[in-house]
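A.B. asks: Numbering-wise (the numbering used here), the sequence shown opens with residue 1 and increments by one.
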Amino acid sequence: MAADSLALDFNPLHTLGFLVTDWVEQHCKVPGGVYEGEPLLFNGWQLYCTANHYRIKPDAVVDPRRLLAPFHYRRSIVVGPQKCGKSPWGAGMLLAEGVGPTTFAGWAAGGEVYRCEDHGCGCGWEYEYAPGEAMGAPRRKSLLGLLAYAESQTQNVYEPLQTMIQSGPLRDFVHVREGFIRLPNRGKIVPLSAAAKSKLGQPLTGGLADESGLYTARNKVLDTWQTMRRGIAAMQGRTIELTNPWDPMENSAAQIAFDSRQTDIFRYYRKPPVNLSYKKKAERHKIHVHVYADSPWVDPESIDAEANELVETDPTQAERFYGNRLVQGLGSYMPEKLWTNSAAKTPSSERRIAIGFDGSRSGDWTAIRCETADGYRFTPTYGPDNRPTIWDPAAWEGRIPRGEVKAAVAEIFAKYEVARMYVDPRHWETQADEWALEHGDDVVVLWPTNQISRMFDALSRFLEDTTELATTHDGDPTATLHALAARKVAKAGDKYILGKPSENQKIDVLMADVLAHEAAADMRADGWTESGPAYIRLPR
Numbered sequence: 001m002a003a004d005s006l007a008l009d010f011n012p013l014h015t016l017g018f019l020v021t022d023w024v025e026q027h028c029k030v031p032g033g034v035y036e037g038e039p040l041l042f043n044g045w046q047l048y049c050t051a052n053h054y055r056i057k058p059d060a061v062v063d064p065r066r067l068l069a070p071f072h073y074r075r076s077i078v079v080g081p082q083k084c085g086k087s088p089w090g091a092g093m094l095l096a097e098g099v100g101p102t103t104f105a106g107w108a109a110g111g112e113v114y115r116c117e118d119h120g121c122g123c124g125w126e127y128e129y130a131p132g133e134a135m136g137a138p139r140r141k142s143l144l145g146l147l148a149y150a151e152s153q154t155q156n157v158y159e160p161l162q163t164m165i166q167s168g169p170l171r172d173f174v175h176v177r178e179g180f181i182r183l184p185n186r187g188k189i190v191p192l193s194a195a196a197k198s199k200l201g202q203p204l205t206g207g208l209a210d211e212s213g214l215y216t217a218r219n220k221v222l223d224t225w226q227t228m229r230r231g232i233a234a235m236q237g238r239t240i241e242l243t244n245p246w247d248p249m250e251n252s253a254a255q256i257a258f259d260s261r262q263t264d265i266f267r268y269y270r271k272p273p274v275n276l277s278y279k280k281k282a283e284r285h286k287i288h289v290h291v292y293a294d295s296p297w298v299d300p301e302s303i304d305a306e307a308n309e310l311v312e313t314d315p316t317q318a319e320r321f322y323g324n325r326l327v328q329g330l331g332s333y334m335p336e337k338l339w340t341n342s343a344a345k346t347p348s349s350e351r352r353i354a355i356g357f358d359g360s361r362s363g364d365w366t367a368i369r370c371e372t373a374d375g376y377r378f379t380p381t382y383g384p385d386n387r388p389t390i391w392d393p394a395a396w397e398g399r400i401p402r403g404e405v406k407a408a409v410a411e412i413f414a415k416y417e418v419a420r421m422y423v424d425p426r427h428w429e430t431q432a433d434e435w436a437l438e439h440g441d442d443v444v445v446l447w448p449t450n451q452i453s454r455m456f457d458a459l460s461r462f463l464e465d466t467t468e469l470a471t472t473h474d475g476d477p478t479a480t481l482h483a484l485a486a487r488k489v490a491k492a493g494d495k496y497i498l499g500k501p502s503e504n505q506k507i508d509v510l511m512a513d514v515l516a517h518e519a520a521a522d523m524r525a526d527g528w529t530e531s532g533p534a535y536i537r538l539p540r
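Below, the structure is given as structure tokens:
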């Protein structure tokens with residue numbers, strides 16, 4: 001359903017949504033921004049979606065053995081642009097599911113009151129039901145999962161969640177622990193990712209999926225979410241998905257849910273006007289005014305500024321994230337079948353190599369990949385415990401460990417005969433100069449990846465040589481994830497560079513891989529011979 005109007009199409013007494021909304025306002029504070037510390041009010045789309053998610057069938061009866069039966073919708077999916085308030089809403093909904101009145105407790109005759117003190121909360125809040133209104137009660141024990149593409153992404157909802165608990169009356173009986181939130185009666189809220197499948201055996205009673213537009217069969221998060229949902233259904237629980245508009249080429253969890261013919265899924269998506277062009281600045285502003293109209297806390301002019309900057313480098317992402325449109329990029333850079341088929345059966349014993357280096361300070365990863373004279377690409381290791389030369393800043397307190405990187409480079413030069421090293425110098429100019437001074441500026445060469453024509457040629461060559469098996473690879477699992485995550489980003493003419501489908505999916509190891517292959521290809525063109533090193537073309 002494309003929700004252009006927020007008027008309810010059912011009796012407003014037939015929902016727990018207004019009870020839940022008032023409960024959240026009483027118990028949760030705004031976790032950040034200009035309204036930080038004020039009661040969390042569900043307004044606009046948030047109130048509309050809450051009312052629909054908790055919609056009760058008119059003929060519902062109380063049956064403790066059939067907790068799902070009273071609800072009109074089995075689950076919900078909310079599609080919205082960035083900064084529209086999805087994360088605070090999701091956090092408030094999780095807390096309501098954990099300790100709030102989210103199960104059906106019958107129909108009010110008139111005069112009935114929901115009292116917090118009856119359910120272990122000493123805040124003194126009461127809610128008087130109208131005659132004929134659906135009444136609610138907390139679930140006796142809630143075990144809730146918060147799923148995201150990566151563990152770091154769960155913080156989008158998990159951090160507001162913690163702030164809401166610690167800044168209001170919930171702190172008296174809901175406790176933030178290391179790695180989970182403790183609810184009454186041994187309940188929990190647990191952050192999850194595809195890497196934490198071992199936790200999925202727990203009997204979850206509900207769950208929230210953050211950015212389900214990123215969950216695909218390729219990255220295996222779709223399988224995790226489907227497994228999680230099956231378990232929740234078995235416990236008579238319900239789920240919510242939050243997402244930005246997805247890439248229609250991805251067949252993500254969000255796309256599957258939205259395209260499903262099932263009528264017991266509530267869908268909210270405020271579509272932008274089709275007659276306006278996102279490429280035109282004035283019309284882009286009109287699109288922002290429309291899609292953020294149900295988020296009164298957002299200033300469209302601030303969104304204009306963010307979008308105007310992003311549209312210069314990645315117009316598809318800008319239109320998707322801020323214009324709230326389902327737009328298709330140029331698609332994946334590396335076909336999965338091609339990557340799989342170009343994995344070498346055995347590693348090369350060749351010691352003559354070229355190096356590719358892609359670095360960052362924080363946020364993105366830093367990686368070194370190498371290619372041998374006979375075309376085999378691999379991730380070298382360093383140190384006494386053979387650590388791979390791939391650094392995720394999240395594993396190093398948010399910043400790339402430069403000392404580790406410099407130690408790895410020194411060890412690689414000592415272990416191999418390095419013919420050429422291409423370095424993307426951004427944020428690493430000083431280290432690149434030091435490496436060139438030590439090993440020669442004809443060996444260590446700056447190779448900026450932001451030069452469009454040059455990068456496009458290198459990407460084209462990499463694909464062509466991979467197709468012809470002129471270069472193979474070691475099947476490194478992180479390199480595989482980064483290679484398959486990369487998307488083409490259109491630039492001048494028919495040229496493209498590479499981009500990430502989201503901030504949580506990285507492509508840095510692939511960039512190092514491309515640089516390693518480009519360095520090796522240039523050395524072969526310069527006569528990398530047996531007396532120097534030789535170019536040995538792999539058998540086709």
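Beta carbons are placed, not taken as given, at the ideal position from N, Cα and C, and that holds for glycine.
1) Would you report the Cα separation of G106 and V62, rounded to the nearest angstrom?
2) For a minimum of 3 consecutive residues, which ranges assigned as the beta strand (DSSP E) are wholly contained in the region 466 to 521?
3) Which residues in the same chain as A2 place their Cβ atom closer than 8 Å to its Cβ, once the five residues preceding and following it in sequence are excluded?
4) Can you list, in chain order, the residues of its chain whose CB lies under 6 Å from that of K188, leaving out five sequence neighbours each side?
5) Could you say which of A367, H285, D385 lies nearest to R379 if we only look at CA atoms?
6) If you follow the beta strand (DSSP E) that M421 is part of, which residue opens it and which one closes it?
7) Where are the alpha helix (DSSP H) runs, 4 residues long or more, that stay fully inside the region 285 to 359, in chain order?
8) Within the same chain, show all residues whose beta-carbon is closer than 6 Å to that of A458, passing over the 5 residues directly before and after it, in chain order.
9) Identify the continuous beta strand (DSSP E) that holds E241 and give its terminal residues.
10) Helix, strand or coil: which one does DSSP assign to T389?
11) Using the rule of at least 16 other Cβ atoms within 10 Å of the residue's Cβ for burial, across every protein chain shown, is V30 buried or exposed?
12) In terms of DSSP beta bridges, what is T15 paired with?
13) Would you kindly work out how many angstroms separate the C-alpha atoms of V509 and A395, rounded to a whole number?
14) Quick one: what does DSSP say F10 is sitting in, helix, strand or coil?
15) For the alpha helix (DSSP H) containing R115, list its first residue and its last residue.
16) Hey, would you say D314 sits closer than 8 Å to H288, going by beta carbons?
17) Return the chain-ordered list of same chain residues with a C-beta closer than 6 Å to the C-beta of F541, the five sequence neighbours on each side being excluded.
18) What does E126 pair with, by DSSP beta-bridge criteria?
19) Determine which residues share a DSSP beta bridge with W365 and list them.
20) Check whether the Cβ atoms of V190 and L146 lie closer than 8 Å to each other.
21) Nearest-angstrom Cα distance between S198 and Q255?
22) Helix, strand or coil for Y158, going by three-state DSSP, please let me know.
23) Within 8 Å, do at least three Cβ pairs link the region 283 to 299 to the region 81 to 91?
24) In whole angstroms, what separates the C-alpha of E250 from that of R171?
25) Using a threshold of 8 Å, state whether the C-beta atoms of H285 and A134 are closer than that.
26) If you draw a straight line from the alpha carbon of G375 to that of S342, how long is it in whole angstroms?
27) With a floor of 4 residues, list each alpha helix (DSSP H) that falls wholly inside the region 228 to 282, ordered by position along the chain.
28) Going by the CB atoms, is the gap between G80 and T103 shorter than 8 Å?
29) In the DSSP assignment, what residue or residues form a beta bridge with A137?
30) Measure from the alpha carbon of H439 to the alpha carbon of each residue in T449, P425, A414, R454, then state which is nearest.
31) For the beta strand (DSSP E) that contains D433, what are its first and last residues?
32) Output the distance between the C-alpha atoms of A69 and K57, rounded to the nearest integer angstrom.
33) Going straight from the alpha carbon of S453 to that of W225, what length do you get?
34) Our contact map puts A419 next to W528 with C-beta atoms below 8 Å; I'd like the distance itself, whole angstroms only.
35) For K83, does the three-state DSSP call read helix, strand or coil?
36) Among the candidates K495, R487, A512, M511, whose CA atom is the shortest distance from the CA of P501?
C.D. replies: With the structure as the only source:
1) Against the sequence shown, residue 106 aligns to sequence position 106. Against the sequence shown, residue 62 aligns to sequence position 62. Approximately 6 Å, taken between the alpha carbons.
2) 487 to 490, 496 to 499
3) What you label residue 2 is simply residue 2 of the sequence shown in a count that begins at 1. Note that A2 scores 44 on pLDDT, short of 50, meaning its location in the model is unreliable; the coordinates nonetheless yield the value given after this. Closer than 8 Å at the Cβ level, and outside the excluded window around A2, lie Y269, R270, K271.
4) Counting from 1 along the sequence shown, the entry for residue 188 is found at position 188. Counting only Cβ-Cβ distances below 6 Å, and skipping sequence neighbours, we find L143, F180.
5) Here the question's residue 379 lines up with position 379 in the sequence shown. Residue identity check: residue 379 is Thr in the sequence provided, not Arg. Checked all of A367, H285, D385; the closest Cα to T379 is A367.
6) Here the question's residue 421 lines up with position 421 in the sequence shown. That run of the beta strand (DSSP E) goes 417 to 424.
7) 300 to 313, 315 to 321, 336 to 341
8) The sequence position of residue 458 within the sequence shown is 458, counting from 1. Result list for A458: V514, E518, in chain order.
9) Against the sequence shown, residue 241 aligns to sequence position 241. First-last of the beta strand (DSSP E) with E241: 238 to 243.
10) Within the sequence shown, numbered from 1, the residue matching residue 389 stands at position 389. The answer is coil: DSSP assigns T389 none of H, G, I, E or B.
11) In the sequence shown, the residue the question calls residue 30 occupies position 30. Classification of V30: buried, given that the 10 Å Cβ count is 16 or more.
12) Reading the sequence shown from its first residue, position 15 is the one you call residue 15. Answer is R55.
13) Here residue 509 corresponds to residue number 509 of the sequence shown, with the count starting at 1. Here residue 395 corresponds to residue number 395 of the sequence shown, with the count starting at 1. About 16 Å.
14) Residue numbering aside, residue 10 sits at position 10 when the sequence shown is read from its first letter. The answer is coil: DSSP assigns F10 none of H, G, I, E or B.
15) In the sequence shown, the residue the question calls residue 115 occupies position 115. Taken as a continuous stretch (DSSP letters only), R115 belongs to no alpha helix (DSSP H), being part of the beta strand (DSSP E) at 113 to 115.
16) Taking the first residue of the sequence shown as position 1, residue 314 is located at position 314. Taking the first residue of the sequence shown as position 1, residue 288 is located at position 288. Not in contact: D314 and H288 (Cβ atoms no closer than 8 Å).
17) With the chain running from 1 to 540 in the structure shown, residue 541 is simply not present.
18) Along the sequence shown, read from residue 1 onward, the residue named residue 126 stands at position 126. DSSP, once it has assigned bridges, lists R115 as partnering E126.
19) Here residue 365 is taken as the residue at index 365 of the sequence shown, counted from 1. None; W365 has no bridge partner.
20) Mapped onto the sequence shown, residue 190 falls at position 190. Mapped onto the sequence shown, residue 146 falls at position 146. Yes, these two residues count as a Cβ contact at 8 Å.
21) In the sequence shown, the residue the question calls residue 198 occupies position 198. In the sequence shown, the residue the question calls residue 255 occupies position 255. Only weak support is given to the placement of S198: the predicted model assigns it a pLDDT of 49, under 50, and the question is left unresolved by the model.
22) In the sequence shown, residue 158 corresponds to position 158, counting from 1. Correct three-state label for Y158: helix.
23) yes
24) On the sequence shown, residue 250 is found 250 positions in, with the first residue counted as 1. On the sequence shown, residue 171 is found 171 positions in, with the first residue counted as 1. The alpha-carbon atoms of E250 and R171 are separated by roughly 41 Å.
25) Position 285 of the sequence shown, counted from the start, is the residue given in the question as residue 285. Position 134 of the sequence shown, counted from the start, is the residue given in the question as residue 134. Result no, Cβ atoms of H285 and A134 do not sit closer than 8 Å.
26) The residue given as residue 375 occupies position 375 in the sequence shown. The residue given as residue 342 occupies position 342 in the sequence shown. Cα-Cα distance, rounded: 11 Å.
27) 253 to 259
28) Along the sequence shown, one-based indexing puts residue 103 at 103. Along the sequence shown, one-based indexing puts residue 80 at 80. Not in contact: T103 and G80 (Cβ atoms no closer than 8 Å).
29) If you number the sequence shown from 1, residue 137 lands on position 137. Beta-bridge pairing links A137 to T103.
30) For the purposes of this step, residue 439 is taken as residue 439 along the sequence shown, with counting starting at 1. Nearest option by C-alpha distance: A414.
31) Along the sequence shown, read from residue 1 onward, the residue named residue 433 stands at position 433. Note, D433: premise wrong, no beta strand (DSSP E); alpha helix (DSSP H) at 429 to 439.
32) Residue numbering aside, residue 69 sits at position 69 when the sequence shown is read from its first letter. Residue numbering aside, residue 57 sits at position 57 when the sequence shown is read from its first letter. If you take the alpha carbons of A69 and K57, they lie about 8 Å apart.
33) Taking the sequence shown and counting its residues from 1, one reaches residue 453 at position 453. Taking the sequence shown and counting its residues from 1, one reaches residue 225 at position 225. So the two alpha carbons sit approximately 40 Å from each other.
34) Taking the first residue of the sequence shown as position 1, residue 419 is located at position 419. Taking the first residue of the sequence shown as position 1, residue 528 is located at position 528. Between W528 and A419 the Cβ distance is about 6 Å, and since that is below 8 Å, they are a contact.
35) For the purposes of this step, residue 83 is taken as residue 83 along the sequence shown, with counting starting at 1. Here K83 sits in coil by DSSP.
36) Here residue 501 is taken as the residue at index 501 of the sequence shown, counted from 1. Closest by alpha carbon: R487.
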